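The opening position of the sequence shown corresponds to residue 1 in the UniProt record's numbering, with each subsequent residue numbered one higher.
Every residue, glycine too, gets a C-beta built ideally from N, C-alpha and C.
All of these numbers come straight from a predicted model, not from anything done at the bench.
Here is the structure we will look at, set down as structure tokens.
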Amino acid sequence: EDRIPTARGFTWLWHDLTTYEHYDIELRFQGRDLTSPAVLTGSGKSKHAVSVAGGPAGVAGPLTEAGAKQVLSSVTERSRSIFALLAEQQIANIDAEADERIGAAAAKSDGASPAKKTLNVTAAQMSQYAIPYESLFVMAREKFIATSDQALRGLLQEFRDHGMVVTGVASSGGGEMIWIPLARNVLERLLQSSDEE
């Protein structure tokens with residue numbers, strides 16, 4: 001008679017696990033915060049917590065290439081297209097910085113052009129190569145991948161849930177920034193494997 005009622009063959013036990021933490025802490029890694037979005041500092045680090053593995057907190061372990069491939073294989077073609085577009089833009093931003101460094105080195109060495117060098121960027125440094133969300137939206141709209149803000153955010157949500165896409169607000173007040181927290185060489189391999197499929 002003092003038993004908890006059985007529903008669908010299960011006996012449920014209720015536990016009160018109230019943390020009394022502010023609600024924005026719970027929502028911190030759901031893409032957008034209610035009151036204080038992640039802010040990129042000049043060093044490319046976020047004010048919010050990260051996991052021991054270096055990825056966003058709340059993601060079970062580090063984001064690996066195999067994990068990213070698994071997620072990419074399970075999402076829609078449009079979602080894969082958005083991911084590829086973002087990855088290509090990040091790589092283009094890295095290449096642009098490499099070109100600037102080469103130009104600066106050539107100016108210092110009396111015009112002798114140094115050999116083209118590719119920057120090896122780690123996952124932890126990728127926030128420095130984030131692109132404005134609005135730019136991604138414009139590119140997605142031009143390619144007919146997502147025609148509304150809501151559609152784009154919907155396509156990105158699966159990647160946010162798995163820690164494959166991170167958003168923040170630029171410290172200069174430049175609006176929402178978005179990036180993939182994977183090293184450049186991993187991004188290139190993911191793009192190559194998606195082209196082969």
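From the options, residue whose alpha carbon lies closest to that of residue i
i           : options                          : result
GLN125      : SER193, ILE91 and GLU196         : ILE91
GLY174      : MET139, ILE131 and ALA146        : ILE131
ILE180      : THR19, ASN93 and GLU21           : ASN93
residue 240 : LEU63, ALA66 and SER127          : The structure shown does not extend to residue 240, since the chain is modelled only from 1 through 197, so no value can be given for it.
ASP149      : GLU196, SER194 and LEU136        : LEU136
GLY67       : LEU85, ASP161 and LEU152         : ASP161
LEU191      : VAL169, ARG141, GLU142 and LYS69 : LYS69
THR76       : GLU158, GLY168 and ARG189        : GLU158
Span of the beta strand (DSSP E) around residue i
i      : result
VAL165 : No beta strand (DSSP E) holds VAL165; DSSP gives it neither H nor E.
Start-to-end residues for the alpha helix (DSSP H) that takes in residue i
i      : result
MET177 : From DSSP, MET177 is part of no alpha helix (DSSP H) but of the beta strand (DSSP E) over 176-179.
LEU191 : 184-196
GLU65  : 65-74
Inter-residue spacing [alpha-carbon to alpha-carbon] between residue i and residue j
i      : j      : result
GLY55  : GLU134 : The predicted model places GLY55 with a pLDDT of 46, which falls under 50 and marks its position as unreliable; any figure quoted below should be read in that light. Going by the C-alpha atoms only, they are around 24 Å apart.
ARG78  : MET177 : 20 Å
ASP95  : ALA183 : 14 Å
LEU187 : PHE83  : 10 Å
ALA87  : TRP12  : 45 Å
THR64  : PHE10  : 36 Å
ASP195 : LEU85  : 12 Å
LEU72  : MET164 : 10 Å
ALA151 : THR122 : 30 Å
THR35  : ALA140 : With a pLDDT of only 37 at THR35, under the threshold of 50, the placement of this residue in the model should not be trusted, and no figure is reported.
ALA170 : THR19  : 30 Å
LYS143 : PRO62  : 32 Å
GLU97  : SER74  : 33 Å
ARG153 : ASP99  : 32 Å
ASN185 : SER193 : 12 Å
ALA146 : THR167 : 18 Å
Residue i burial status per 10 Å Cβ neighbour count (16 or more: buried)
i      : result
TYR129 : buried
LYS15  : It should be noted that the sequence gives His, not Lys, for residue 15. It is exposed - the Cβ of HIS15 has fewer than 16 other Cβ atoms within 10 Å.
ARG80  : buried
VAL138 : exposed
LEU155 : buried
ARG101 : exposed
LEU17  : exposed
| task | For the stretch 119-157, list the alpha helix (DSSP H) runs that are entirely contained and at least 4 residues long, ordered along the chain. | result | Fully enclosed alpha helix (DSSP H) runs of 4 or longer: 133-142.
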